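Asks: Numbering (my numbering), first residue to last: 3 to 306. Even for Gly, the Cβ is constructed at its ideal location relative to N, Cα and C. Fair warning: this is a prediction, and the values are worked out from it, not measured in the lab. Here it is, the structure in full.
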């Protein structure tokens, strides 16, 4: 972002500019012995930082310089990080992929700031690259050698070496304790960091878990069919079922299943309808009347 654009945004006094200025003032008023950071005078969205390597590690003697690029929608979106000093953990002058960077916006929270990101970035140096974007895999000897040489590294923009920048921070600190002790990596970032250190679980476990869930669902479906099949047998004694159902239950055997009872029910209803529609005595009466009419007709014809 150019200086003209930054100046135009400053004149608008947007919430993003106010947030950046407030963070810059907070870091300046509460310096730390372990890191320093400030925005450029020509571009508030580009910061330069210098930090010590994490203690009790191969980077403990190192002083590392880098850049932070804030997005226009900061702090709604996370910043991007680049190390300028060779360190053996991250590639120089290349964006690095971390849970606090723009490559993982889902883990970023607007409540975090540049100071929180620096503390987390310092902690992430102890993790392994494992093919991470911008990560490097090298030996501890190389990292220790780079750490010893890092103090003399000089930024062309800041016009100071890493050792001079950290020395100024130490002089500005009021007490013997570093103010960074009050700043810790948020729990969410700790969780992501631990997940990055764990080896990836084999996909066979995920498949086995999915198969187990499917088997459980099938088992539950099988169990649920039992109450449905025995539902007709568990009706209340005082309830009066419909008439067709009563006839079916009388004609069906006692040990018949509900499916067999449903088959018997339409047959019984069919017989009942046939018997009630055409009684047998009506058929016989019709036959007798027809015979009498024929005999009467023959008698009349013979009399003529």
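If we count Cβ pairs, one from each stretch, closer than 8 Å, do we get three or more for the stretch 35 to 55 versus the stretch 114 to 128?
Replies: Verdict: yes, contact present.
Asks: Three Cβ pairs or more, each shorter than 8 Å: is that satisfied between the stretch 77 to 91 and the stretch 149 to 165?
Replies: Yes, they touch.
Asks: If you measure between the beta carbons of residue 52 and residue 167, is that distance less than 8 Å?
Replies: Taking the chain shown and counting its residues from 1, the one referred to as residue 52 is at position 50. Taking the chain shown and counting its residues from 1, the one referred to as residue 167 is at position 165. Yes, they are a contact pair.
Asks: Restricting to Cα atoms, I'd like to know which of 95, 98, 81 is closest to residue 107.
Replies: Position 105 of the chain shown, counted from the start, is the residue given in the question as residue 107. Nearest of 95, 98, 81 to residue 107, Cα basis: 81.
Asks: Take residue 68 and list the residues in its own chain whose beta-carbon comes closer than 6 Å to its own, dropping the five residues that flank it on each side.
Replies: Counted from its first residue, the chain shown places residue 68 at position 66. Excluding residues within five positions, the ones whose Cβ falls inside 6 Å are 51, 84, 85, 86.
Asks: Alpha carbon to alpha carbon, how far is residue 157 from residue 77? Give it in angstroms, no decimals.
Replies: Position 75 of the chain shown, counted from the start, is the residue given in the question as residue 77. Position 155 of the chain shown, counted from the start, is the residue given in the question as residue 157. Approximately 27 Å, taken between the alpha carbons.
Asks: Does DSSP put residue 2 in a helix, a strand or coil?
Replies: The requested residue 2 does not occur in the structure, where the chain is confined to residues 3 to 306.
Asks: When DSSP builds the beta bridges, which residues end up paired with residue 126?
Replies: Sequence index remark: in the chain shown, residue 126 carries index 124 (1-based). Answer is none; residue 126 lacks a bridge partner.
Asks: On the criterion of 16 or more Cβ atoms from any shown chain inside 10 Å, does residue 159 qualify as buried, or is it exposed?
Replies: Your numbering for residue 159 matches position 157 in the chain shown. Residue 159 is exposed by the Cβ-count criterion.
Asks: Below 6 Å CB to CB, which residues in the same chain sit around residue 49 once its five sequence neighbours on both sides are set aside?
Replies: Here residue 49 refers to the residue found at position 47 of the chain shown. Correct list, in chain order: 39, 41, 70.
Asks: Assuming residue 55 and residue 93 are in contact, meaning their beta carbons sit under 8 Å apart, how far apart are those beta carbons, in whole angstroms?
Replies: As a position in the chain shown, residue 55 is number 53, starting the count at 1. As a position in the chain shown, residue 93 is number 91, starting the count at 1. Contact doesn't hold; Cβ gap of about 17 Å is too wide.
Asks: Can you tell me whether residue 294 is helix, strand or coil according to DSSP?
Replies: Locating residue 294 in the chain shown gives position 292, where the first residue counts as 1. Residue state, collapsed to three classes: helix.
Asks: Whole angstroms is fine: what's the gap from residue 33's alpha carbon to residue 171's?
Replies: Here the question's residue 33 lines up with position 31 in the chain shown. Here the question's residue 171 lines up with position 169 in the chain shown. One C-alpha to the other measures close to 6 Å.
Asks: Verify the CB distance criterion: does residue 72 have a CB-CB separation below 8 Å to chain D?
Replies: Going by chain labels, chain D is absent from the structure shown, which holds only one protein chain.
Asks: If you draw a straight line from the alpha carbon of residue 121 to that of residue 28, how long is it in whole angstroms?
Replies: Taking the chain shown and counting its residues from 1, the one referred to as residue 121 is at position 119. Taking the chain shown and counting its residues from 1, the one referred to as residue 28 is at position 26. Near 15 Å, if we compare the C-alpha coordinates of residue 28 and residue 121.
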